[in-house]
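Novice: Sharing a structure here in structure tokens format.
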Amino acid sequence: MLAFLDLTATAPHTADERQRALQSKPPAITVDGVNKCFRLPHQQFVTLKQRALHPFQGRTYDELHALRDVTFEIADGEFFGIVGRNGSGKSTLLKCLASIYDIDSGRVSVAGRVSPFIELGVGFNPELTARDNVILNAIMLGLSRREARSRFDEIIAFAELDEFVDLKLKNYSSGMAVRLGFAVAVQVDADVLLVDEVLAVGDAAFQQKCFNEFDRMKAEGRTIVFVTHDMSSVERFCDRAMLIEKGRIRNLGQPEEISRQYSELNFGASAHSLGGAAAPAEAMPVRILGAWCEDEQGERIITQQQGERCRACMEVEFTETVNDPHFAVTFRNAARHTILVTRSEIHGPGGRYEAGDRRIVCFSFVNLLASSRYELTPSVSVPDLAAAAEVEDMASLIVAAPHWSGGVADLPHELEVRRP
Amino acid sequence: MTTRTGAAMAPSALGDDIRRFVSLTFTLAATEFKLSFFGSALGYLWSLMRPLMLFGVLYVVFTEVIRFGEGIKYYAVYLLASIVLFTFFSETTSGAVTSLVQRENLLRKMRFPRMVIPMAVSLTSLFNLGMNLVAVLVFALISGVQPRWSWLQLPFLVLILAVLSVGLAMLLSALYPRFRDLSPIWDVVLQILFYATPILYVLSIVPDEYERLFLVNPLAVVFTQMRHAVLDPQAPSVFEAIGPDVRLLVPMGIVVGLFALGFWVFKRETPRIAENL
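In structure tokens, the structure reads:
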């Protein structure tokens, strides 16, 4: 228990030190102004017959710019995360680093031997047994035949597939094949490991094993480029992370910041519909024009780090004279459970408003909600007129937290262990 | 610690480590060979079966029905030997046509010298040829062919055949991702070659005025010389058949030229092969 406390106390310190140490090292990977464009022909394949019949007809194709002017460096020994939505160019970038694809312009340089684990695998032949596949792939990744044979047992042990070594790969489940592929990729002792989406399949036990392996490789000072959609592992392992969107680097920085931005990219679309999209019934004495969250500086936000001060705001317009209205904002989480309701009436009487008055009402609180996506439903009720205005899910807020506790809110707490 | 920069970062045809290239080619070929061997109950028999069946059919037709082979010494052995050699050629080239597309998941996920793929296909066929040639030699001895020193020419003839086959393997495998009708086209070409090459017949049967034209075909050169060196020293050697030796430059030029062309095309296509599959 003491060790645990110690560790957490020194963690940020060592992370800082690690950052500094990494920055002083030479880059293991340099990517400089890289462009990659795919030509997608309108016809899937061209035949010699067509060529012979229409010798002067040019091929028509669309151009897909998978990477545009990508420039970054990864230090030797760094754990580097790449995140982005589907089709943003992550895998293409990885394939360029692995020199599976050629680049159109720019420069890529990688120091040392690369072990790629791309698109869930290292390229197995389904007709061959696991044994043959492992040997073959280890040689492809740069081991000699003898080294490959001597590593074989470790690879199988890591994949926990001892019973299935002589089974053909086509009889493997997809999870087993991924496990075997990942085992080969990590056991060949490459200087640079490129990992694409290893956590997407595989059971919980295997994920834990991957995590342990990441920790080990990180401690050994190996350079790892890690592509994933799992933001918690980005925050947990990566020294730095990069967000790419439509082939461009959108941001590169601290993993927490990147993961927040990534969530914003994924869930943020609905935030544009902010504003009185859904107008309440005509008869209402009050209309809700908009709702949003802002930070302490009054900047509107869609995502927020847990522990920061949050203001849930709504803008309302009165169409009649109203006495003592009650304002409230309801927070529901992704599971549609009501987590938090802020009410104005507990703060005292609501005051009097004339027709045409517009007001912004804000509830300010320290955001201790657990990491999730929350939908905000603003409402105004007027007890005198027995009327209420409400717009369901008018705004949303994504809370990012360093840990996932399992509860709906993370209240500050202290730990004490004592003898009975 | 090597640093790969600039052009060296592109997927390469040969790689920078010749030992790795060889060991990879060998491993791929060996596993493929093992697959055909242990993949079915009869294993090796099947790989021998195809040329044997073809031989059996042709032999019956040309000795019993058309009575064509009677005037040719060791016609049966010649027929079998040339079928086996031609099988190597056709197996290598037609196997190579689709080889890259078939190994798409390797090419899209791994960095390795791309040339390994057609080379491994060729090497697998070469293993098969080795096994089949043993059967041919046994058959030859049973038929009464006397072993002679000139049998030592056989490896050299196989080498010429292999260079030709590998050249075409590189060319065809590199072009197939672009031209998907290459596969049926090549099947037809192989059939034409089967009849244009002295397999069912021997070169001396061909009318004199066409003989030299036939010998433009490197396969005909190899098979004719094989007949002279292995089966029947009385049969004309290729040097006698072609007239002045300098004419041999034409078929040999074709072999070398096709190899160079195949190598050049493959190398040119290599950087983009993975994305065009």
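Listed in order, the protein sequences are those of chains H and S.
Residue numbers for the first sequence follow the working numbering, beginning at 1 and rising by one.
Residue numbers for the second sequence follow the working numbering, beginning at 1 and rising by one.
Ideal Cβ positions, reconstructed from N, Cα and C, are used throughout, including at glycine.
These numbers were taken from a predicted model, which means no experiment stands behind them.
1) Find the nearest neighbour of valine 222 of chain S within the set S:Glu209, S:Ala241, S:Leu175, judged by alpha-carbon distance.
2) Strictly under 8 Å for the Cβ-Cβ distance: is aspartate 181 of chain S near chain A by that measure?
3) Might you give, ordered along the chain, the residues of its own chain that have their beta carbon closer than 7 Å to the beta carbon of leucine 193 of chain S, omitting 5 neighbours on each side?
4) Check for me: the alpha helix (DSSP H) holding alanine 328 of chain H runs from which residue to which?
5) Let me make sure I understand the geometry here. Which of H:Val361, H:Val322, H:Ile258 has the alpha-carbon closest to that of leucine 385 of chain H?
6) Less than 7 Å separating the Cβ of histidine 54 of chain H from some heavy atom of the ligand NAP?
7) Go through its chain and collect everything with a Cβ distance to glutamine 208 of chain H's Cβ below 7 Å, but skip five positions before and after it.
8) Which residues in the same chain as valine 216 of chain S place their Cβ atom closer than 8 Å to its Cβ, once the five residues preceding and following it in sequence are excluded?
9) Verify the CB distance criterion: does serine 99 of chain S have a CB-CB separation below 8 Å to chain H?
10) Starting from the C-beta of cysteine 238 of chain H, find all residues in its chain whose C-beta is less than 6 Å away, skip the five residues before and the five after it, and write them out in chain order.
11) On the three-state DSSP scale, how would you describe proline 349 of chain H?
12) Whose CA, out of S:Leu200, S:Val189, S:Tyr195, lies closest to the CA of glycine 69 of chain S?
13) So with CB distances below 8 Å, who are the chain S contacts of leucine 48 of chain H?
14) With 16 as the cutoff for other CB atoms within 10 Å, does arginine 19 of chain S come out buried or exposed?
15) Looking only at its own chain, which residues have a Cβ that is under 8 Å from the Cβ of histidine 326 of chain H, when we skip the five neighbours before and after it?
16) Do glutamate 315 of chain H and valine 258 of chain H have their beta-carbon atoms positioned less than 8 Å apart in this structure?
17) According to DSSP, simplified to helix, strand and coil, what is leucine 415 of chain H?
18) With a threshold of 8 Å between beta carbons, is valine 408 of chain H in contact with chain S?
19) Would you check if the distance between the CB atom of alanine 395 of chain H and the CB atom of methionine 284 of chain H is smaller than 8 Å?
20) Would you kindly check if the distance between the Cβ of aspartate 295 of chain H and the Cβ of glutamine 306 of chain H is under 8 Å?
21) Just checking, does the region 65-77 of chain H make contact with the region 132-152 of chain H on the three C-beta pairs under 8 Å criterion?
22) Taking serine 165 of chain S as the query, report the chain H residues whose CB atoms sit under 8 Å from its CB, ordered along the chain.
23) Rounded to whole angstroms, what is the Cα-Cα separation between arginine 180 of chain S and leucine 277 of chain S?
24) Quick check: what's the CA-CA separation for glycine 276 of chain H versus aspartate 393 of chain H?
25) Between the Cα of serine 23 of chain S and the Cα atoms of H:Arg145, H:Glu119, H:Tyr101, which residue gives the shortest distance?
26) Is glutamine 261 of chain H helix, strand or coil when you go by DSSP?
27) For a contact meaning CB atoms closer than 8 Å, what does aspartate 104 of chain H contact in chain S?
28) Are there three or more Cβ pairs, one per stretch, closer than 8 Å when the region 152-168 of chain S is compared with the region 49-65 of chain S?
29) According to DSSP, simplified to helix, strand and coil, what is glutamine 155 of chain H?
30) Which chain S residues are close to aspartate 132 of chain H, counting only those with a beta carbon under 7 Å from its beta carbon?
31) Counting only Cβ pairs nearer than 8 Å, list the residues of chain S close to glutamate 119 of chain H.
32) Grab me the residues of alanine 75 of chain H's own chain with a C-beta within less than 7 Å of its C-beta, minus the 5 sequence neighbours each way, in chain order.
33) Confirm, please, whether the CB-CB distance from phenylalanine 124 of chain H to alanine 177 of chain H is below 8 Å.
34) Under 8 Å Cβ to Cβ from valine 265 of chain S, same chain only, skipping five residues before and after it: list those, please.
35) Answer with yes or no whether the minimum CB distance from alanine 183 of chain H to chain S is below 8 Å.
36) Going by DSSP, which residues form a beta bridge with alanine 65 of chain H?
Specialist: So, from the data block:
1) By 1-based counting over the second sequence, the position of residue 222 of chain S is 222. When each option's Cα is compared against that of valine 222 of chain S, the closest is S:Ala241.
2) Note that chain A does not occur in the displayed structure, where the protein chains are H and S.
3) Sequence index remark: in the second sequence, residue 193 of chain S carries index 193 (1-based). Same-chain partners within the cutoff: Leu219.
4) Counting from 1 along the first sequence, the entry for residue 328 of chain H is found at position 328. Here alanine 328 of chain H belongs to no alpha helix (DSSP H); instead the beta strand (DSSP E) covers 326-332.
5) Taking the first sequence and counting its residues from 1, the one referred to as residue 385 of chain H is at position 385. The option with the nearest alpha carbon to leucine 385 of chain H is H:Val322.
6) No copy of the ligand NAP appears in this structure; indeed no ligand is present at all.
7) Locating residue 208 of chain H in the first sequence gives position 208, counting from the first residue. Hits under 7 Å: none found.
8) Along the second sequence, one-based indexing puts residue 216 of chain S at 216. Around valine 216 of chain S: Val250, Pro251, Ile254.
9) Working through the second sequence from its first residue, we reach residue 99 of chain S at position 99. Judged by the 8 Å Cβ criterion, serine 99 of chain S is not in contact with chain H.
10) Sequence index remark: in the first sequence, residue 238 of chain H carries index 238 (1-based). Within the same chain, cysteine 238 of chain H has close Cβ partners Phe79, Gly81, Pro255.
11) Your numbering for residue 349 of chain H matches position 349 in the first sequence. Of the three classes helix, strand and coil, the one that applies to proline 349 of chain H here is coil, per DSSP.
12) Taking the first residue of the second sequence as 1, we reach residue 69 of chain S at position 69. Among S:Leu200, S:Val189, S:Tyr195, the Cα nearest to that of glycine 69 of chain S belongs to S:Leu200.
13) Position 48 of the first sequence, counted from the first residue, corresponds to residue 48 of chain H. Result: Phe179, Asp181, Leu182, Ile185.
14) Locating residue 19 of chain S in the second sequence gives position 19, counting from the first residue. Classification for arginine 19 of chain S: exposed.
15) For the purposes of this step, residue 326 of chain H is identified with residue 326 of the first sequence, where counting begins at 1. Counting only Cβ-Cβ distances below 8 Å, and skipping sequence neighbours, we find Arg343, Ser344, Glu345, Gly350, Val380, Ser381, Val382, Pro383.
16) Sequence index remark: in the first sequence, residue 258 of chain H carries index 258 (1-based). Sequence index remark: in the first sequence, residue 315 of chain H carries index 315 (1-based). Note that residue 258 of chain H is isoleucine in the sequence shown, not valine. No, the Cβ-Cβ distance between isoleucine 258 of chain H and glutamate 315 of chain H is not below 8 Å.
17) Locating residue 415 of chain H in the first sequence gives position 415, where the first residue counts as 1. Here leucine 415 of chain H sits in coil by DSSP.
18) Along the first sequence, one-based indexing puts residue 408 of chain H at 408. No, because no Cβ of chain S sits closer than 8 Å to the Cβ of valine 408 of chain H.
19) Here residue 395 of chain H corresponds to residue number 395 of the first sequence, with the count starting at 1. Here residue 284 of chain H corresponds to residue number 284 of the first sequence, with the count starting at 1. No.
20) Along the first sequence, read from residue 1 onward, the residue named residue 306 of chain H stands at position 306. Along the first sequence, read from residue 1 onward, the residue named residue 295 of chain H stands at position 295. No.
21) no
22) Here residue 165 of chain S refers to the residue found at position 165 when the second sequence is read from its first residue. Residues of chain H passing the Cβ test: none, with the nearest at roughly 21 Å.
23) As a working note, residue 180 of chain S is residue 180 in the second sequence. As a working note, residue 277 of chain S is residue 277 in the second sequence. If you take the alpha carbons of arginine 180 of chain S and leucine 277 of chain S, they lie about 10 Å apart.
24) Locating residue 276 of chain H in the first sequence gives position 276, counting from the first residue. Locating residue 393 of chain H in the first sequence gives position 393, counting from the first residue. With a pLDDT of 35 at glycine 276 of chain H, under the threshold of 50, the modelled position of that residue is not reliable, and no figure is offered here.
25) Within the second sequence, numbered from 1, the residue matching residue 23 of chain S stands at position 23. Considering only alpha carbons, the answer is H:Arg145.
26) The sequence position of residue 261 of chain H within the first sequence is 261, counting from 1. In this structure, glutamine 261 of chain H counts as helix in the three-state DSSP scheme.
27) If you number the first sequence from 1, residue 104 of chain H lands on position 104. Within 8 Å Cβ-Cβ: nothing; aspartate 104 of chain H doesn't reach chain S, min ~10 Å.
28) Contact between the region 152-168 of chain S and the region 49-65 of chain S is absent, with fewer than three C-beta pairs closer than 8 Å.
29) By one-based count along the first sequence, residue 155 of chain H stands at place 155. A small fix is needed here, since residue 155 of chain H is isoleucine in this sequence, not glutamine. Reduced to three states, the DSSP call for isoleucine 155 of chain H is helix.
30) Within the first sequence, the letter at position 132 stands for residue 132 of chain H. Those are Thr31, listed as they occur along chain S.
31) Working through the first sequence from its first residue, we reach residue 119 of chain H at position 119. Those within 8 Å of glutamate 119 of chain H in chain S are Arg108, Lys109.
32) For the purposes of this step, residue 75 of chain H is identified with residue 75 of the first sequence, where counting begins at 1. For alanine 75 of chain H, where only same-chain residues beyond five positions count, the Cβ hits under 7 Å are Leu22, Gln23, Lys25, Pro27, Ala28.
33) Within the first sequence, numbered from 1, the residue matching residue 177 of chain H stands at position 177. Within the first sequence, numbered from 1, the residue matching residue 124 of chain H stands at position 124. Taking 8 Å as the Cβ cut-off, alanine 177 of chain H and phenylalanine 124 of chain H qualify as a contacting pair.
34) As a first step, residue 265 of chain S must be located in the second sequence, where it is residue number 265. So the list reads Met170, Leu171, Ala174, Leu175, once near-sequence residues are dropped.
35) If you number the first sequence from 1, residue 183 of chain H lands on position 183. Not an interface residue.
36) Along the first sequence, read from residue 1 onward, the residue named residue 65 of chain H stands at position 65. The question names alanine, but residue 65 of chain H in the sequence shown is histidine. For histidine 65 of chain H, which the question treats as bridged, DSSP gives the partners H:Cys37.
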